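For reference, the structure discussed in these notes is given below.
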Amino acid sequence: MSHSVTITRTTTSTTNTSYIVLNTGYLKTFPGLLKLFQLIIGVAVVTLMAINFRDSTYYYRGSQDLFHFLMATTFMIGTFCLLLACLTSLSTGGLIAKTIYELIYHTVAALLLLASSALLLVKLRDTKHDAYMAAGILGLVNAVLYFISAFLAHRSYRGI
């Protein structure tokens, strides 16, 4: 009883060049665009808060202002890291969307930005401070974008 066996040899060679691969196709997807807009709005909110936080009178500086400033900064940095990971890796964009991390991150971001924006806008209902009002409204817009991202992350996590 004889039979034949085929042996295939594969040679893999690697070069030690250091270059960065940019996955620009991720920005053409809906989750990529959402992250980009969340980052841009986050930068705008943080800039508005930072410029006016130091120059505001004592009345405007309070726990609501600081809470909104901290939440906007926190999720701006987190979104930047997520977007950077998805842009610099060919597989990260598809893999991270299937994990529970993105669902938890976007849900927490949406809830905390909604709370901080609402608290800031409630504080400003009796006064006029245009920059803080703009930061509060942009925070609400960003919270809606994070809710949409959380919904998409939930669908991706569940495999729908």
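Heads up: the sequence shown begins at 1273 in our numbering, then just goes up one per residue. Where is the CB? At the ideal position from N, CA and C, for every residue including glycine. Because the structure is a prediction, the values reported are computed rather than measured.
1) Does the beta-carbon of CYS1353 have 16 or more other beta-carbons within 10 angstroms, so that it is buried, or is it exposed?
2) How big is the Cα-Cα spacing for ILE1312 and ILE1376?
3) Do the CB positions of VAL1318 and THR1351 come within less than 8 Å of each other?
4) Just tell me which of THR1296, ILE1420 and PHE1419 has its CA closest to the CA of LEU1362.
5) Relative to the C-alpha of GLN1310, which residue among PHE1423, TYR1418 and ALA1403 is closest?
6) For LEU1386, which residues of its own chain have a beta-carbon under 6 Å away from its beta-carbon, when the five flanking residues on both sides are left out?
7) Could you tell me the distance, in whole angstroms, from the CA atom of ARG1397 to the CA atom of GLY1411?
8) Using C-beta distances below 8 Å, list every residue in its chain close to LEU1306, excluding the 5 sequence neighbours before and after it, in chain order.
Let me spell this out:
1) exposed
2) 21 Å
3) no
4) THR1296
5) TYR1418
6) ALA1415
7) 16 Å
8) LEU1417, ILE1420, SER1421 and LEU1424
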